[in-house]
Amino acid sequence: MAIERAIVIAKMRGAFREGLAASRFIKDMRDIGLSYRRTDMLADWRSVNELERKEGVLRYVRKDRYPTEKTIAAVTWETSKEFMYKVKVQSVIRIGEPITERFVNIMSDVPMTPAMVEAEVEERWGEWEKYEAEIITGLQTWSAVRKVME
1 MAIERAIVIA KMRGAFREGL AASRFIKDMR DIGLSYRRTD MLADWRSVNE
51 LERKEGVLRY VRKDRYPTEK TIAAVTWETS KEFMYKVKVQ SVIRIGEPIT
101 ERFVNIMSDV PMTPAMVEAE VEERWGEWEK YEAEIITGLQ TWSAVRKVME
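Each step along the sequence shown adds one to the number in UniProt numbering, with nothing skipped, and position 93 is 93.
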């Protein structure tokens, strides 16, 4: 069931972007044999829906302000800490080479401001880049997720 659920969750983002209703999506998944408990499918639909709506919203929060509940997506995932922040990192391996963009996640048990999140990325960057440290050219706090209990 775990593989089916992962496949369904991956397809949910596209269905949500197309404007498909939850009941129609569940019926389509059932028709192709990718179905699990309806209650769980609806919970996954709500989580993905909220993630899509709040993706990138943290970019517009001032760096010295804590994000509000309106900007943090509430999910029921099993994460090691209560908050997870997604940060867009722009870096170069060597001077003169093109900029590489990627996302990194920062986990925390306490809420953090965008400035605190970016400082944490800079602090841990040397630990992550073990072979050849890349030079950070830009950081942008992207989105936040909070683990909630059902």
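Glycine included, every Cβ here is placed at the ideal spot set by N, Cα and C. Computed from a predicted structure; not experimentally measured.
Give the range of the beta strand (DSSP E) segment to which residue i is assigned.
i, result
"LEU139", "135-147"
"ARG59", "Segment: none, ARG59 is in no beta strand (DSSP E) and carries neither H nor E."
"ILE95", "ILE95 -> no beta strand (DSSP E), and no H or E assigned at all."
"ALA73", "72-75"
Cutting at 6 Å between CB atoms, please list the residues of its own chain near residue i, excluding the five before and the five after it.
i, result
"MET75", "Met is not the amino acid found at residue 75; the sequence shown has Val there. Once the five neighbours on either side are set aside, the close Cβ partners of VAL75 are SER47 and VAL145."
"LYS88", "PHE103, GLN140 and TRP142"
"VAL82", "Residue 82 is actually Glu in this sequence, not Val. Closer than 6 Å at the Cβ level, and outside the excluded window around GLU82, lie ASP109 and LYS147."
"SER35", "MET29"
"VAL8", "MET29 and LEU34"
"GLY138", "GLN90"
"ALA15", "PHE25"
"MET84", "ASN105, MET107 and VAL145"
"THR79", "LYS147"
Specify, as a first and last residue, the run of the alpha helix (DSSP H) that residue i falls within.
i, result
"SER47", "38-54"
"GLU120", "114-128"
"LYS86", "Premise fails: LYS86 lies in the beta strand (DSSP E), 83-92, not in any alpha helix (DSSP H)."
"VAL104", "Unbroken run through VAL104 is the beta strand (DSSP E), 100-108; no alpha helix (DSSP H)."
"SER23", "22-31"
"GLY14", "2-18"
If contacts are defined as beta-carbon pairs under 8 Å, then residue i and residue j qualify, I think. What distance do you get, rounded to the angstrom?
i, j, result
"VAL117", "THR141", "5 Å"
"TRP45", "ALA22", "5 Å"
"THR68", "LEU58", "That pair is no contact at about 11 Å."
"THR113", "TYR66", "6 Å"
For residue i, which residues of its own chain have a beta-carbon under 7 Å away from its beta-carbon, when the five flanking residues on both sides are left out?
i, result
"ILE26", "ARG38 and MET41"
Using a Cβ-Cβ cut-off of 8 Å (strictly less than) and excluding sequence neighbours within five positions of residue i, which residues of its own chain qualify?
i, result
"GLU50", "ALA73, ALA74 and VAL75"
"PRO98", "VAL92"
"THR100", "GLN90, SER91, VAL92, ILE93 and GLU134"
"GLY56", "TRP142 and SER143"
"ARG5", "TYR36, ASP40 and ASP44"
"TRP77", "SER47, VAL145 and LYS147"
"MET149", "THR76"
Do the CB positions of residue i and residue j come within less than 8 Å of each other?
i, j, result
"SER91", "GLU134", "yes"
"ALA115", "ASP64", "yes"
"ARG24", "GLU52", "no"
"GLU122", "ILE136", "yes"
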